[in-house]
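Chains as they are written, first to last, in our numbering: chain A, 8 to 188; chain B, 4 to 117. The beta carbon of each residue, even a glycine, is placed where N, CA and C say it ideally should be. Keep in mind the model is a prediction, meaning the values are calculated, not measured. First comes the structure, then the notes that go with it.
What follows is the structure in C-alpha cells.
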C-alpha cells in the first residue's frame, strides 16, 4: 500500500465535499441563497479528515486526472448515454432469453484480451461488463504484459479472443480509453 | 408526468419479473447470476428514476430526489463487485454446471497453473 500524497488527499477531499453538499441538501440552498455557514465549514473539516485516512485506498495514480473538463464530459457522456444504451439492449436480450419457452442459452467462459493500461480503466471496463446482463467478469490476470479477462458469457457466439472481445466490450472499451487515456 | 413515472415503474417491474423467471428456469448457477443482473440493473434503476421524478415533481422535495440519485449511484458502483465475487467464489469452490459449457478457458488455465 502506497503512502498518500498531499494532492491525492486534496483530490479525494474535493470529491467528498461535493457529496457532502449533495447529501446535506446545501447545494440547493446555495442556489437559493439561504445556506448555513456552519454546515459548509463542518463539511470542509469532515471531508479533509476522511480524505487523510482514505486517500490511499482511493487514488493510486495521478491525483487530478479526472478533474480535467474534457475527461469529465466524456465520463458523463459515457455514464448517461453510451452505457445505458448498451445496458437496455443487453437487458432486453436476456429478458427475451429467459421468457422464451425454448430457453436458448449457450453458456461458456471466454478469455478476452484488454488493451487499457490504467488501473481505473481496467476496473471500469470489468465492472461495466459485469453490470451488463449476459456477461460477468470472473477474473483478471496478467501474463507477458497482456491483461486478460475471463468472462462468463450466456451466449457464446465465437471462441476467438479478438472477436469475442469486440462483441462483449467493443464500445465500452473505446469510451473508457477516451476517458482515462 | 404521472404517466411517465408509471411507465418507468412498469418497465422495471417487467424486467424484475423476467429476471425472476430466468433465475428459476436457467440450467446452472452461473446463468442464474446472469439473469439476476437483469433485476439489479433495469429493475432497480427504473424504480429509482421513477422515484426521483416522483419526489421532484409531486412531493417537491429536492433533498429526497438527490438522496435517491445517490442510492442509484452507489448501487451501480457496488452491485457488479458482489456479482463478480459470487461468481468467482462459486467457481473456485468447485461449482460446475450440469450441462457442459461451450468452452471453459478459465478452468483450462487454472489446471495449467497447478
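The straight-line gap separating the alpha-carbon atoms of residue 61 of chain A and residue 90 of chain B is approximately 28 Å. Counted as a single uninterrupted DSSP element, the alpha helix (DSSP H) harbouring residue 9 of chain B occupies residues 5-28. Spatial neighbours of residue 65 of chain A in its own chain (CB-CB distance under 7 Å, excluding positions within 5 residues in sequence) are listed in chain order as 19. Here residue 67 of chain B is actually not in contact with residue 143 of chain A; their C-beta atoms are around 33 Å apart, not less than 8 Å. In this structure residue 32 of chain B touches residue 93 of chain B by the C-beta definition: roughly 6 Å separates them, less than 8 Å. Using a Cβ-Cβ cut-off of 8 Å, residue 94 of chain B is close to 145 of chain A, given in chain order.
Residue 118 of chain A: not part of any alpha helix (DSSP H); member of the beta strand (DSSP E) spanning 115-121, first to last residue. Not one beta carbon of chain B lies nearer than 8 Å to the beta carbon of residue 174 of chain A. Residue contact check for residue 33 of chain B against chain A: a CB pair falls below 8 Å. Burial state of residue 43 of chain B is buried, judged by a 10 Å Cβ sphere holding 16 or more other Cβ atoms. The beta carbon of residue 61 of chain B sits no closer than 8 Å to any beta carbon of chain A. Under the Cβ criterion of 8 Å, residue 36 of chain B is counted among the residues facing chain A. Note that the C-beta distance between residue 67 of chain A and residue 149 of chain A is not below 8 Å.
Closest in alpha carbon position to residue 11 of chain B, among B:27, B:55, B:72, is B:55.
Flagged as an interface residue toward chain A: residue 69 of chain B, by a C-beta distance shorter than 8 Å. Segment contact: the stretch 153-162 of chain A against the stretch 112-129 of chain A, three or more CB-CB distances shorter than 8 Å; contact assigned. Excluding five sequence positions before and after residue 62 of chain B, none of the CB atoms of its chain fall closer than 7 Å to its own CB. At least one C-beta of chain B is nearer than 8 Å to the C-beta of residue 159 of chain A. Scanning A:21, A:146, A:109 for the CA closest to the CA of residue 74 of chain A turns up A:21.
Here residue 146 of chain A is bridged, per DSSP, to A:157. Per DSSP, reduced to three states, the secondary structure at residue 100 of chain A is helical. For residue 120 of chain A, no CB of chain B lies under 8 Å from its own CB, so it is not counted at the interface with that chain. Closest by C-alpha distance to residue 63 of chain A, out of A:119, A:14, A:141, A:138, is A:14.
Between the beta-carbon of residue 186 of chain A and that of residue 78 of chain A there is about 6 Å, and that keeps the pair under the 8 Å contact cut. If you draw a straight line from the Cα of residue 46 of chain B to the Cα of residue 84 of chain A, it is about 22 Å long. Here residue 104 of chain A is buried. Its C-beta has 16 or more other C-beta atoms within 10 Å.
Distance between residue 129 of chain A and residue 121 of chain A, taken at the CA atoms: about 8 Å. Of all residues in the stretch 46-59 of chain B, none comes within less than 7 Å of chain A when Cβ atoms are compared. The beta carbon of residue 42 of chain A is closer than 8 Å to those of 33, 36 in its chain, skipping five residues each way along the sequence. Spanning the alpha carbons of residue 59 of chain B and residue 23 of chain A requires a straight line of approximately 24 Å. Neighbourhood of residue 28 of chain B in chain A, by CB distance below 7 Å: 105, 110, in chain order.
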